[in-house]
Amino acid sequence: MIDAVVEGLRFGFMRHALAAGLLVSIACGIIGTFVVVKRIVFVSGGIAHAAYGGIGLGYFLGVNPVLGAIGFSLAAAVAMGLVQRRTRERADTLIGVMWAIGMALGIILVDLTEGYKADLMSYLFGSILAVPATDLLIMLLLDVVIISVVVLFYKELLAVSFDEVFATVENVPVTAIYLLLMAMIALTVVMVMRVVGLILVIALLTMPAAISARFVRGMRKMMVLSSVLGAAFMITGLWLSYFLDLTSGATIILVSGAAYLLSIALQPLISRRRMAGGAAEG
Amino acid sequence: MERTKDGDERREVISLRHVWAGYDHQAVLEDVNLTVKALDFIGIVGPNGGGKTTLFKVLLGLISPIRGEVRIMGEPVEKGRRHIGYVPQLMTFDSDFPIRVWDVALMGRLGSRGLVQRYTAEDEEVVADALRRVDMLDQRERPFGDLSGGQRQRVYVARALATEPSVLLLDEPLASVDPRVSSSIYELLKRLNQSVTILMASHDMGAISSHVKTVGCMNRRLFYHEDDTITPEMLELAYQCPIDLIAHGVPHRVFPEHVVEERER
């Protein structure tokens, strides 16, 4: 077993895959925590699917589809954020519409593009085993951006997540902070897309954070634990897919899903311990 | 801040002049006039949908009036609202949100610190003091979601106090707490009122009128005479129908002006 693990690591693509998995886990742990506590999983799904429009645009214009996806999902995120804030009613309908239009636009743009488009499926279902070094660099950069923004604006992000009205009254630029959060979700979505594909983005964004919420109280702890859990699921899923010769993205998701279901089953035990622990829990 | 018996020389904390406000050009507030002076404790009662929440939204700058003028400490709302300590309704909270009591109260310091700036030792002192004033300092490490309704309300009051406000604005603060808890909150507010002005909304007329100094009735228009009695006329105007409550002795003076004066000295 150990030998096989070491043998796997001899392949460059496995080392790249592990590095990608770890980098993505950090972004997912931090941003997923906000997505889960602020209950905007659906908005994140919308951004992820709208990003496909950017993939199509990248192909159509002949630029790196990842860059197209970054630009497009940033625009979609800001648009959705504004829709959600300006028109309180029917925001979910409008987000659903953007979700669908982004996807359709991507498909049409790809149709209109001449030539070879073999790795298109990799954006839908992920291709962690084929992450080039340049994409690793983009991921590292995005992680640095996300961590810096969260460290710098932590108190505002917390306030806007917890109580927007109070934050507004205290003259926090609530809309700007909310759009900043949306933009970071967009960046995270693009990273995750490379690993598990846009269809499974929501799973990796939400499951580690949702599990963490059962074990720890407090956003910072949730972020750290989510990142660690995400990394564990990535590594486990990656090796399982290697040994069993299965699709890596889907295997990672199923490992996360199994852990999530297990955490629900263990919930009664955890609550009992928390009751006993009382005020010591923080 | 000078305080005199007739109250006329006390500082104006909030003033609304002929304010009309609403949504999509449908007025909910019609020609509302209100002057809140330093150390007032005003309860606004009225039916649901009568405009109490809209009035608060106007004061917090969440919606702009269609017509009329709003001043807080002599400033327009966007600037003046930093003098307001806002206490929201309890029901709006998501009890799964992972946050400690301390971090909730610390949000009261947001307005004093700009973007990117960290909270200072002074902020922590102010917050500790605010939590002490509501008897919640020993609960500072507890998850906010584990608290009872009354305890949460106390923490919200502490958060509002941490803004070092000139006036506390409470929107239906006791809507979902039991009577025993609500009377202890009223005790707290009465104590705080010795140093801070309070404006609170409630649909529970019986409870509010026996704890505040003065009462106004709100139903699109505001009926307020800087008095602690609800007259049958006010109720009829506000509710547009005769009210049974009058028979149960709503107009009573439990908190006469001169008692306060004596305690102040």
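These protein sequence lines are chains A and B, in that order. Numbering of the first sequence is given in the working numbering, commencing with residue 1 and proceeding in unit increments. Numbering of the second sequence is given in the working numbering, commencing with residue 1001 and proceeding in unit increments. Using N, Cα and C, we set each Cβ at its ideal position, and we do this for glycine too. None of these values were measured; they are calculated from a predicted model.
Neighbourhood of residue i by C-beta distance below 7 Å, restricted to the same chain and skipping five residues each side
i         : result
A:Ile270  : Arg214, Phe215
B:Val1104 : Phe1144, Val1155, Arg1159
A:Met139  : Ala20, Leu23, Val24, Met191
A:Ile55   : Pro65, Gly68, Ala69, Gly106, Tyr123
B:Glu1226 : Thr1214
A:Leu158  : Met219
B:Val1036 : Val1013, Ile1014, Ile1042, Val1167, Thr1197, Leu1199
A:Val195  : Ala20, Gly21, Val24, Gly126, Ile128, Gly249
A:Val174  : Val160, Glu164, Ala167, Thr168
CB of residue i within 8 Å of CB of residue j, strictly
i         : j         : result
B:Ser1176 : B:Leu1090 : yes
A:Ala69   : A:Val190  : yes
B:Ile1042 : B:Thr1163 : no
A:Leu181  : A:Phe34   : yes
A:Asp163  : B:Pro1179 : no
A:Leu198  : A:Tyr52   : yes
B:Leu1271 : B:Gly1085 : Since the first residue shown for chain B is 1001 and the last is 1265, residue 1271 of chain B is missing from the structure and cannot be characterised.
B:Asp1123 : B:Arg1113 : yes
A:Gly29   : A:Met193  : no
A:Leu112  : A:Phe153  : no
A:Ala130  : A:Phe243  : no
B:Leu1039 : A:Glu156  : no
Assumed close pair residue i, residue j - CB separation to whole angstroms, cut-off 8 Å
i         : j         : result
A:Ala27   : A:Leu142  : 6 Å
A:Ala100  : A:Phe72   : That belief does not hold up - the Cβ atoms of A:Ala100 and A:Phe72 are roughly 15 Å apart, past 8 Å.
B:Gly948  : B:Arg1081 : Not covered by the structure: residue 948 of chain B. The range shown for chain B is 1001 to 1265.
A:Phe293  : B:Met1200 : This structure leaves residue 293 of chain A out entirely; chain A is present only between 1 and 282.
B:Leu1034 : B:Tyr1224 : 6 Å
A:Leu74   : A:Ala209  : Contact flag wrong, Cβ pair sits at about 22 Å.
A:Gly289  : A:Leu179  : This structure cannot speak to residue 289 of chain A, because chain A is shown only from 1 to 282.
A:Ile211  : A:Ala77   : A:Ile211 to A:Ala77, Cβ: 25 Å. No contact.
A:Ser256  : A:Ala203  : 6 Å
A:Thr247  : A:Gly237  : Contact flag wrong, Cβ pair sits at about 10 Å.
B:Gly1074 : A:Asn171  : Not confirmed; about 18 Å, so no contact.
Nearest to residue i (by Cα), restricted to the options the options
i         : options                                    : result
A:Leu205  : A:Phe166, A:Gly58, A:Gly62, A:Met234       : A:Met234
B:Met1205 : B:Ile1044, B:Ser1183, B:Arg1017            : B:Ile1044
B:Arg1011 : B:Asp1227, B:Thr1197, B:Arg1220            : B:Thr1197
B:Arg1118 : A:Tyr123, A:Val150, A:Met121               : A:Val150
A:Ile42   : A:Gly96, A:Ala130, A:Gly8, A:Ala79         : The sequence shown places Phe at residue 42 of chain A, rather than the Ile named in the question. Comparing Cα positions, the closest option is A:Gly96.
B:Leu1147 : B:Phe1097, B:Ile1072, B:Pro1076            : B:Phe1097
B:Arg1109 : B:Leu1174, B:His1083, B:Phe1093            : B:His1083
B:Asp1135 : B:Glu1122, B:Gly1150, B:Asp1123, B:Glu1124 : B:Gly1150
A:Val169  : B:Ile1072, B:Glu1030, B:Ile1066            : B:Ile1072
A:Gly58   : A:Met14, A:Leu109, A:Ile202, A:Arg90       : A:Leu109
B:Val1181 : B:Arg1152, B:Gly1074, B:Arg1133            : B:Arg1152
A:Ala133  : A:Asp3, A:Gly8, A:Arg15                    : A:Arg15
B:Leu1188 : B:Val1212, B:Pro1165, B:Leu1115            : B:Val1212
A:Met98   : A:Ser44, A:Phe60, A:Asn171                 : A:Ser44
B:Ser1210 : B:Tyr1186, B:Gly1111, B:Val1116            : B:Tyr1186
A:Gly288  : A:Val36, A:Leu240, A:Lys117                : There is simply no residue 288 of chain A to check, as chain A begins at 1 and stops at 282 in what is shown.
A:Ile177  : A:Arg85, A:Val6, A:Val36, A:Asp3           : A:Arg85
A:Ile40   : A:Ala91, A:Glu7, A:Gly8, A:Thr87           : A:Ala91
B:Pro1165 : B:Val1157, B:Thr1120, B:Asp1171            : B:Val1157
Sequence-distant residues of the same chain with beta carbon closer than 6 Å to residue i, five excluded per side
i         : result
B:Gly975  : What is shown of chain B runs 1001 to 1265, which leaves residue 975 of chain B out entirely.
A:Thr188  : Ala27, Ile31
A:Ala258  : none
A:Ser148  : none
B:Met1218 : Ile1044, Gly1046, Gly1050, Gly1051, Lys1052
B:Glu1069 : Arg1017
A:Lys38   : Ser161
B:Ile1099 : Phe1144
B:Arg1220 : Glu1030, Gly1051
A:Gly46   : Met80, Ile95, Met98, Trp99
A:Gly8    : Met14, Tyr242
B:Cys1241 : Annotation note: pLDDT 42 at B:Cys1241 (below 50); position unreliable, no value reported.
Beta-carbon proximity list for residue i, same chain, < 8 Å, skipping 5 on both sides
i         : result
B:Trp1102 : Val1127, Leu1131, Arg1140, Glu1141
B:Ile1066 : Trp1020, Ala1021, Gly1022, His1025, Ala1027
B:Ile1208 : Gly1043, Val1045, Met1200, Ser1202, Val1215
A:Tyr260  : Met207, Ala210, Ile211
Proximity test, residue i beta-carbon vs the ligand PLP heavy atom, cut-off 7 Å
i         : result
B:Leu1169 : As far as ligands go, the structure on display features none, and thus does not contain the ligand PLP.
Could I get the ranges of all uninterrupted alpha helix (DSSP H) runs contained in the segment 1124 to 1164 of chain B, with 4 residues as the minimum, in chain order? 1149 to 1162
Quick check for students: name the residue ranges of the alpha helix (DSSP H) that lie wholly in the segment 189 to 258 of chain A, counting only runs of 4 or more. 201 to 215, 219 to 244
Could you pull out every unbroken alpha helix (DSSP H) segment of at least 4 residues lying fully inside the segment 111 to 187 of chain A, listed in chain order? 121 to 125, 133 to 152, 154 to 162, 164 to 169
In chain order, each alpha helix (DSSP H) run of at least 4 residues that lies wholly inside the segment 1154 to 1213 of chain B: 1179 to 1192, 1205 to 1209
Only counting runs of 4 or more residues, tell me where the alpha helix (DSSP H) segments fall wholly within the segment 1020 to 1098 of chain B, in order along the chain. 1052 to 1059, 1077 to 1080
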